[in-house]
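**Student:** Can you read through this structure? Questions will come right after.
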Amino acid sequence: MGVEIKESAVSDAEFEDMKRFVSDYLSASVENEDDGGRMRWYPWHSAEYRFNHILNVVDLATRIADREGADVNVVRVAALFHDISKLEADQDVHAEEGARVAREFLSSHGDYPESFVDQVCQVVSDHSYQGSLTDVSLETRCLIEADILDKIGANGTALMLLRMGYEARTHMDAAEMVERVFERGRDASARLETDTAQSFAHQRLKRVKWFREWLEEEVPEMDHDGQFSG
Numbered sequence: 001m002g003v004e005i006k007e008s009a010v011s012d013a014e015f016e017d018m019k020r021f022v023s024d025y026l027s028a029s030v031e032n033e034d035d036g037g038r039m040r041w042y043p044w045h046s047a048e049y050r051f052n053h054i055l056n057v058v059d060l061a062t063r064i065a066d067r068e069g070a071d072v073n074v075v076r077v078a079a080l081f082h083d084i085s086k087l088e089a090d091q092d093v094h095a096e097e098g099a100r101v102a103r104e105f106l107s108s109h110g111d112y113p114e115s116f117v118d119q120v121c122q123v124v125s126d127h128s129y130q131g132s133l134t135d136v137s138l139e140t141r142c143l144i145e146a147d148i149l150d151k152i153g154a155n156g157t158a159l160m161l162l163r164m165g166y167e168a169r170t171h172m173d174a175a176e177m178v179e180r181v182f183e184r185g186r187d188a189s190a191r192l193e194t195d196t197a198q199s200f201a202h203q204r205l206k207r208v209k210w211f212r213e214w215l216e217e218e219v220p221e222m223d224h225d226g227q228f229s230g
């Protein structure tokens with residue numbers, strides 16, 4: 001029988017090397033484009049935003065995996081690579097392309113067991129799955145849930161308010177836009193399956209609701225007929 005060369009655990013130093021690679025890869029993806037890329041003037045389409053989103057997802061996915069009993073090493077490495085091809089590949093294939101890049105990196109850096117590399121790449125490839133999260137592995141579920149969570153709550157609200165500026169909206173539209181964050185977050189969080197992710201979503205949605213209420217309390221003219229239904 002063959003003997004695995006090393007455990008699947010990833011050291012802090014190895015993970016830092018992966019982070020540098022992902023950051024550099026995203027930056028190069030933008031620099032190599034002739035036409036400036038897809039709406040790069042929106043912050044969430046920049047290399048800086050995408051890397052920050054990835055780090056947020058790594059943190060969330062790791063916490064979910066730890067509490068739910070998933071393989072934390074698989075989840076955090078998959079989370080780090082999940083959007084590495086987001087800025088260079090079409091949306092419908094970026095997951096598969098990300099898995100390809102992850103495999104190339106993991107196979108050429110260190111002596112990770114083949115089973116570990118396969119599992120990481122499968123999670124990356126599956127993270128765009130739109131069906132029920134009961135149909136995927138626990139590790140994939142942790143990553144998808146973390147990806148969903150980063151788009152709701154205070155972070156999602158900040159991005160929506162930034163979008164208002166780019167669209168030349170006035171601050172009087174803020175309550176309506178924040179409500180949109182709440183509604184989208186509520187709809188997205190309906191997919192969550194783990195108790196940990198559901199708890200995180202509940203906390204984040206409460207913050208959005210409170211922010212909308214504070215806005216309307218301080219700027220009465222901002223109030224409109226739409227009401228939070230959550």
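As numbered in UniProt numbering, residues 1 to 230 make up the sequence shown, in order.
We put the beta carbon where it would ideally sit given N, CA and C, even for glycine.
Leaving out the 5 sequence neighbours to the left and right, which residues in its chain are closer than 8 Å to Phe-81 when beta-carbon positions are compared?
**Tutor:** For the purposes of this step, residue 81 is taken as the residue at position 81 of the sequence shown. Hits under 8 Å: Met-18, Val-22, Gly-98, Ala-99, Val-101, Ala-102, Phe-105, Val-120 and Val-124.
**Student:** Which residues in the same chain as Ser-29 place their Cβ atom closer than 6 Å to its Cβ, once the five residues preceding and following it in sequence are excluded?
**Tutor:** Position 29 of the sequence shown, counted from the start, is the residue given in the question as residue 29. Excluding sequence neighbours, Ser-29 sits near Leu-87 and Glu-88.
**Student:** Just verifying my parser: in three-state terms, what is the DSSP assignment at Leu-60?
**Tutor:** For this step, residue 60 is matched to residue 60 along the sequence shown. Here Leu-60 sits in helix by DSSP.
**Student:** Between Gly-153 and Arg-207, which are expected to be in contact by the criterion C-beta below 8 Å, what is the C-beta distance as a whole number of angstroms?
**Tutor:** As a first step, residue 153 must be located in the sequence shown, where it is residue number 153. As a first step, residue 207 must be located in the sequence shown, where it is residue number 207. Correct: roughly 6 Å between the Cβ atoms.
**Student:** Output needed for His-94: all residues of its chain with C-beta closer than 6 Å, excluding positions within five of it in sequence on either side, in chain order.
**Tutor:** Along the sequence shown, read from residue 1 onward, the residue named residue 94 stands at position 94. Within the same chain, His-94 has close Cβ partners Ser-85 and Lys-86.
**Student:** Starting from the Cα of residue 234, find the closest Cα among Ala-47, Phe-200, Val-75 and Asp-195 and give me that residue.
**Tutor:** For residue 234 there is no data in the structure shown, the boundaries of the chain being 1 and 230.
**Student:** Have a look at His-53 and Asp-150 and give me their C-alpha separation to the nearest angstrom.
**Tutor:** On the sequence shown, position 53 is the one that residue 53 refers to. On the sequence shown, position 150 is the one that residue 150 refers to. Roughly 7 Å between the two C-alpha positions.
**Student:** Looking at C-alpha atoms only, which residue of Met-164, Asp-90, Val-136 and Asp-92 is the closest neighbour of Glu-193?
**Tutor:** As a position in the sequence shown, residue 193 is number 193, starting the count at 1. Nearest option by C-alpha distance: Val-136.
**Student:** Check whether the Cβ atoms of Thr-140 and Asp-126 lie closer than 7 Å to each other.
**Tutor:** Working through the sequence shown from its first residue, we reach residue 140 at position 140. Working through the sequence shown from its first residue, we reach residue 126 at position 126. Going by C-beta atoms, Thr-140 is nearer than 7 Å to Asp-126.
**Student:** Going straight from the alpha carbon of Gln-130 to that of Trp-210, what length do you get?
**Tutor:** Residue mapping note: residue 130 aligns to position 130 of the sequence shown, counting from 1. Residue mapping note: residue 210 aligns to position 210 of the sequence shown, counting from 1. For Gln-130 and Trp-210, the distance between alpha carbons rounds to 30 Å.
**Student:** Please list, in chain order, all residues of the same chain as Val-77 whose beta carbon is under 8 Å from its beta carbon, the five residues on each side excluded.
**Tutor:** Within the sequence shown, numbered from 1, the residue matching residue 77 stands at position 77. Answer for Val-77: Val-10, Phe-15, Met-18, Ala-102, Leu-106 and Val-120, listed in chain order.
**Student:** For Glu-68, which residues from the same chain have a beta carbon less than 6 Å from its beta carbon, with the 5 sequence-adjacent residues on both sides left out?
**Tutor:** Here residue 68 corresponds to residue number 68 of the sequence shown, with the count starting at 1. Around Glu-68: Thr-194 and Thr-196.
**Student:** To the nearest angstrom, how far is it from the Cα of Ser-115 to the Cα of Asp-92?
**Tutor:** Residue numbering aside, residue 115 sits at position 115 when the sequence shown is read from its first letter. Residue numbering aside, residue 92 sits at position 92 when the sequence shown is read from its first letter. The alpha-carbon atoms of Ser-115 and Asp-92 are separated by roughly 26 Å.
**Student:** Would you identify the three-state DSSP class for Leu-87, choosing helix, strand or coil?
**Tutor:** Residue 87 sits at position 87 when you count from the first residue of the sequence shown. Of the three classes helix, strand and coil, the one that applies to Leu-87 here is coil, per DSSP.
**Student:** Excluding the 5 residues flanking Leu-161 on each side, which residues of the same chain have their C-beta closer than 8 Å to its C-beta?
**Tutor:** One-based indexing of the sequence shown puts residue 161 at position 161. Contacts found: Ala-174, Met-177 and Val-178.
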